[in-house]
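> The opening position of the sequence shown corresponds to residue 122 in the working numbering, with each subsequent residue numbered one higher.
All C-beta atoms in this analysis are idealised placements derived from N, C-alpha and C, irrespective of residue type, glycine included.
Input: one structure, supplied below.
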Amino acid sequence: MPDFRRSDNDRSPLKIVVTVKQVPDPNSNLTLEGDNTISRDKEAVLDPGDECGVEEGLQLKEAHGGEVILVSMGPERARDAIRKGLSMGADRGVLVSDAALAGADALLTARVLAAAIKQEQPDLVICATESYDGSTGMVPPMIAELLGFPQLTFAKKVEVDGSTIKIHRQTADGYQIVEAPSPVVVTVTAAIAEPRYASLKGIMAARSKEIKQVSLADLGVEKSEPAEAIEGVVDAETRKSGEVIEDDGTAVDKIVQVLSAAKVL
Ligand SMILES: Cc1cc2nc3c(=O)[nH]c(=O)nc-3n(C[C@H](O)[C@H](O)[C@H](O)COP(=O)(O)OP(=O)(O)OC[C@H]3O[C@@H](n4cnc5c(N)ncnc54)[C@H](O)[C@@H]3O)c2cc1C
């Protein structure tokens with residue numbers, strides 16, 4: 122159990138960490154290296170899912186007061202992704218960058234991010250449900266486990282009431298209301314919030330905001346051997362083309378037959 126829990130009546134400002142990953146530009150085609158890892162020599166941007174996370178962090182700060190801190194692990198150029206979030210309005214950033222982290226798998230990524238987040242002692246950690254590139258969706262649950270925080274996943278709405286964080290958890294047919302005492306890890310879907318555009322003022326202000334760079338040694342984390350290996354990569358199954366029913370006077374019957382066979386009717 123973390124030693125920095127909010128009390129039930131706590132109305133003090135929120136300390137919010139948003140994890141932000143720099144990913145290859147979604148407008149470019151993803152390509153693979155010989156070892157099946159994603160080629161990263163392309164234009165890189167802040168993960169669009171994390172932009173939604175930053176937006177939610179900013180809206181919670183606007184409602185409750187507090188601070189939004191962006192935490193990223195990546196090479197030096199990942200600063201640009203943090204800077205983008207800072208230009209949207211986040212307060213400061215932490216970049217964990219270390220040559221030893223090249224080739225990090227999801228577990229090492231989570232161990233590193235958890236160590237950096239722990240130093241901040243936040244009330245709330247916001248992550249995207251899955252990244253645009255790796256898309257394992259494993260990092261946020263691992264962060265929660267490593268920090269001993271409850272996790273609230275697939276949030277399309279987040280509410281804070283004293284020490285309680287409540288979410289609307291998106292499901293296939295609607296949503297569930299789930300809550301946990303802070304500090305918590307919340308994963309958000311793209312439905313959470315439309316990311317704001319950075320204003321010129323925001324872009325100028327971001328230039329002087331702090332981005333603290335830390336190494337593995339600073340965090341006291343030792344590199345671990347990969348717990349995962351990429352066994353192979355296959356193309357996703359292409360969608361079968363639909364059936365076209367020409368209307369020769371029997372189309373309605375044929376459509377009813379197709380829908381009945383699919384148990385839709
Ligand atoms: C052997 C091996 C080597 C690999 N080498 C690399 C490599 O060199 N570079 C690489 O990028 N991937 C590498 N990967 C893939 C790696 O496992 C994941 O990309 C990475 O750990 C994060 O997982 P994900 O993108 O699937 O995160 P997900 O769990 O899908 O991410 C969900 C959310 O977690 C947060 N998050 C995840 N990663 C970060 C991060 N780095 N910084 C801040 N927030 C984050 C973000 O909010 C993100 O939206 C390797 C995998 C294997 C098996």
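Going by the CB atoms, is the gap between V166 and V192 shorter than 8 Å?
It is not a contact, given that the beta carbons lie outside the stated cut-off.
> If you draw a straight line from the alpha carbon of R290 to that of E367, how long is it in whole angstroms?
42 Å
> Would you check if the region 199-218 and the region 303-312 touch, i.e. whether three or more CB-CB distances between them fall below 8 Å?
no
> Anyone know if the C-beta pair for A245 and V299 falls short of 8 Å?
Per the sequence shown, the amino acid found at residue 245 is Leu instead of Ala. Not a contact, by the Cβ cut-off of 8 Å.
> Sorted by chain position, which residues of the same chain lie with C-beta nearer than 6 Å to E172's C-beta, five sequence neighbours on each side aside?
P316
> Where L375 and G363 are concerned, what is the direct C-alpha to C-alpha distance, given to the nearest angstrom?
Position check: residue 375 holds Lys in this sequence, whereas Leu was assumed. When rounded, the distance between both Cα atoms is 14 Å.
> Per DSSP, what kind of secondary structure is T257 in: helix, strand or coil?
Three-state DSSP puts T257 in coil, outside helix and strand.
> Who are the near neighbours of S208 in its chain, counting only those whose CB is closer than 7 Å to its CB and skipping five residues on each side?
Cβ within range, chain order: A319, G323, I324, A327.
> Confirm the yes/no value for this check: CB of D69, any heavy atom of ligand 1, distance under 7 Å.
Because the chain in this structure spans residues 122 to 386, residue 69 falls outside the shown range and cannot be described.
> Have a look at A184, H185, L222, N148 and flag the residue whose alpha-carbon is nearest the alpha-carbon of V335.
When C-alpha distances from V335 are compared across A184, H185, L222, N148, the shortest belongs to L222.
> Quick check on the DSSP output: the beta strand (DSSP E) that includes L229 runs from which residue to which?
No beta strand (DSSP E) contains L229, which is instead part of the alpha helix (DSSP H) from 227-241.
> Does the region 148-168 touch the region 278-288, meaning 3 or more C-beta pairs lie closer than 8 Å?
no
> Report the three-state DSSP secondary structure of D212 (helix, strand or coil).
coil
> Give me the residue from G155, T140, I159 with the minimum Cα distance to M194.
Among G155, T140, I159, the Cα nearest to that of M194 belongs to T140.
> Does DSSP put I313 in a helix, a strand or coil?
helix
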